[in-house]
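Residues in the sequence shown are numbered from 21 upward in steps of one, following this note's numbering.
Shown next, in structure tokens, is the structure this report addresses.
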Amino acid sequence: MNKLTVIEAYGILEADGLVEARQGSGYFVNKIQICTAKPCTFAPAQQVIIPEGSNPTFFETYYASIDAHNHPDTINFHFGVPAPADLDDLQKIARRSLSNIGENVFNYDIPEGQLTLRKQIVQILIQRGLEVSPEQLIITNGSKQGMSLVVNHYVQPGDWVIVESPTYVGILAMLENLGARVIGIPMTGAGMNLELLSQYLHSHRPRLIYTISTLHNPTGITTNEAHRRELLHLAQQYSCPILEDNAYEGLNFEPVPPPIKALDQNNLVTYIGTFSKTLMPGLRVGYMVAPQETHQALLERKFFSDFHTSTVTQGIVSEYLASGHYRRHLSHLKSVHLDNRNIMLKALETYFPVTCSWTVPKGGVFLWVTLPEGVPLQEICQRAAKKRVIVGNGALFFPGKQSYPAMRLSFSAPPEDIEYGIMTLGEIVKSYL
Ligand SMILES: Cc1ncc(COP(=O)(O)O)c(C=O)c1O
Numbered sequence: 021m022n023k024l025t026v027i028e029a030y031g032i033l034e035a036d037g038l039v040e041a042r043q044g045s046g047y048f049v050n051k052i053q054i055c056t057a058k059p060c061t062f063a064p065a066q067q068v069i070i071p072e073g074s075n076p077t078f079f080e081t082y083y084a085s086i087d088a089h090n091h092p093d094t095i096n097f098h099f100g101v102p103a104p105a106d107l108d109d110l111q112k113i114a115r116r117s118l119s120n121i122g123e124n125v126f127n128y129d130i131p132e133g134q135l136t137l138r139k140q141i142v143q144i145l146i147q148r149g150l151e152v153s154p155e156q157l158i159i160t161n162g163s164k165q166g167m168s169l170v171v172n173h174y175v176q177p178g179d180w181v182i183v184e185s186p187t188y189v190g191i192l193a194m195l196e197n198l199g200a201r202v203i204g205i206p207m208t209g210a211g212m213n214l215e216l217l218s219q220y221l222h223s224h225r226p227r228l229i230y231t232i233s234t235l236h237n238p239t240g241i242t243t244n245e246a247h248r249r250e251l252l253h254l255a256q257q258y259s260c261p262i263l264e265d266n267a268y269e270g271l272n273f274e275p276v277p278p279p280i281k282a283l284d285q286n287n288l289v290t291y292i293g294t295f296s297k298t299l300m301p302g303l304r305v306g307y308m309v310a311p312q313e314t315h316q317a318l319l320e321r322k323f324f325s326d327f328h329t330s331t332v333t334q335g336i337v338s339e340y341l342a343s344g345h346y347r348r349h350l351s352h353l354k355s356v357h358l359d360n361r362n363i364m365l366k367a368l369e370t371y372f373p374v375t376c377s378w379t380v381p382k383g384g385v386f387l388w389v390t391l392p393e394g395v396p397l398q399e400i401c402q403r404a405a406k407k408r409v410i411v412g413n414g415a416l417f418f419p420g421k422q423s424y425p426a427m428r429l430s431f432s433a434p435p436e437d438i439e440y441g442i443m444t445l446g447e448i449v450k451s452y453l
């Protein structure tokens, strides 16, 4: 066997967290980290939500969270940004990528994105169980652009759209801005409640289902293969397209099933992914795999919006992937996040009242804490902020903010902050019981 193939294979095992490279000694099998925390007990009582009126808070929340992130003294459990890549590496990679792109950097490019990068992304997706070809891929300005292209393609003002509740606040703001009507189907510990989904597909005939199947934002839940099959089956029954947002893909430290798109025989699913969570959000490089019939329409929509994604940032991502830095960085990121998650789970058990429950995610950066009914969530968040602990107020993630008391906590905060931050929060929550 070729030596490079062996090195490549070790690189994959390392990125998956199965082996560890020790300088000068070789590769060693990683010990499986056993999480001793109590299992996920997520089972809130919740109705389907069909909000009335508006909920336009995403814009302000976004500014507030950027502001909090730039404040050196805060413990930020709200922002889910990965630990930064090494700056020296980034500088070297950026320089190399510019010389690779050469003269082309001074020109316009094709809307679907650079072929080299698309081929590299295809390799990543194949490892995740999704067989696609470079021709099926469109490089986008972050997954947010993919989301916007898909939503605007399928949904007209007044149309019904199904989302999980809670869900990513960005999709709620986008749908509201478009004048769509939202149906929030409750999340269970296993994913969207499929019985309710079936009922509302039948009664409201929505134009789109938006789902975050893997490492869901905000709950951290990953659905299993049976759930994915059933969701797809229901969508097929009602010919309802699915937008599968896999923004946190690759950040799993336990195996996760292939995406719903991999099961899609009837061209119903559009899949979106991103390098924002594994490399840097500032690069604005994401990608989408669209059904054959919509590919051209989505490509033209992108073309009319921005011609193409920056060739400079595409080149940087491509060089990260080619050089092996991406794999090493991902492996490092996952091991940091796994440690952080375990520190946070332990701190929650130590400092939070027993009447609270939380999810135990298989990766990503968020877990979801459900508080006892009746506690004043807004006041708790404000008191925490005064002590410089910023949390994601659960209400933000529900259509119409119709929420039970809950918080989204990011464990991408530095480990030394996690215990202190959770202790501070726990004391505040306990003061209301
Ligand atoms: C679920 C989800 N989808 C999409 C996005 C947007 O990511 P991007 O930076 O790739 O546009 C985010 C960002 O937080 C997210 O959490």
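We treat Cβ as the ideally placed atom computed from N, Cα and C, and that holds for glycine.
Name the DSSP beta bridge partners of residue i, please?
i	result
V409	I95
L387	L429
I69	G204
S377	T390
N362	According to DSSP, N362 bridges with nothing at all.
N272	G383
Nearer than 8 Å: is that true of the beta carbon of residue i relative to any heavy atom of ligand 1?
i	result
Y437	In the sequence under discussion, the amino acid at residue 437 is Asp, which differs from the Tyr named in the question. It does not: the Cβ of D437 is nowhere closer than 8 Å to a heavy atom of ligand 1.
S185	no
S233	no
S330	no
D284	no
G441	no
D129	no
Q165	yes
Y452	no
N272	no
N120	no
S296	yes
R428	no
A404	no
G240	no
A193	no
P301	yes
D105	As written in the sequence, residue 105 is Ala, which differs from the Asp given in the question. Result no, Cβ not under 8 Å from ligand 1.
N237	yes
Y340	no
A267	yes
R348	no
Y291	no
G204	no
G412	no
G190	yes
G133	no
Is the beta carbon of residue i within less than 8 Å of some heavy atom of ligand 2?
i	result
G100	Within the structure as shown, ligand 2 is missing, the only ligands being ligand 1.
Between which two residues does the beta strand (DSSP E) harbouring residue i extend?
i	result
I262	I262 to D265
I229	L228 to T231
So, is residue i buried or exposed, given that buried needs 16 or more other C-beta atoms within 10 angstroms?
i	result
E274	exposed
V189	buried
A200	buried
L445	buried
G414	buried
V332	exposed
L453	exposed
P434	exposed
F417	buried
S153	exposed
E269	buried
G240	buried
R115	exposed
I54	Because I54 sits at a pLDDT of 43, beneath the cut-off of 50, its placement in the model cannot be relied upon, and the point is left open.
D106	exposed
T56	Summary for T56: the model assigns pLDDT 48, below 50, so the residue's position carries little reliability; its value from the coordinates is reported in the next sentence. The residue is exposed, with fewer than 16 neighbouring Cβ atoms inside 10 Å.
N244	exposed
A35	Note that A35 scores a pLDDT of 49, beneath 50, so its modelled location is shaky and nothing firm can be said.
P381	buried
R225	exposed
V463	The requested residue 463 does not occur in the structure, where the chain is confined to residues 21 to 453.
Tell me the residue span of the alpha helix (DSSP H) that contains residue i.
i	result
Y128	Careful: Y128 lies outside any alpha helix (DSSP H) and carries neither H nor E.
L216	L214 to H224
S119	L107 to I121
P435	P435 to K450
R138	L135 to Q147
A246	E245 to Q257
Strictly under 9 Å for the Cβ-Cβ distance: is residue i near chain C by that measure?
i	result
I158	In the displayed structure, chain C is absent; only one protein chain is listed.
Residue ranges of each beta strand (DSSP E) within the stretch 282-357, 3 or longer: 289-294 and 306-309
4-residue-minimum alpha helix (DSSP H) runs that sit fully inside the stretch 151-210, ordered along the chain: 162-174 and 189-198
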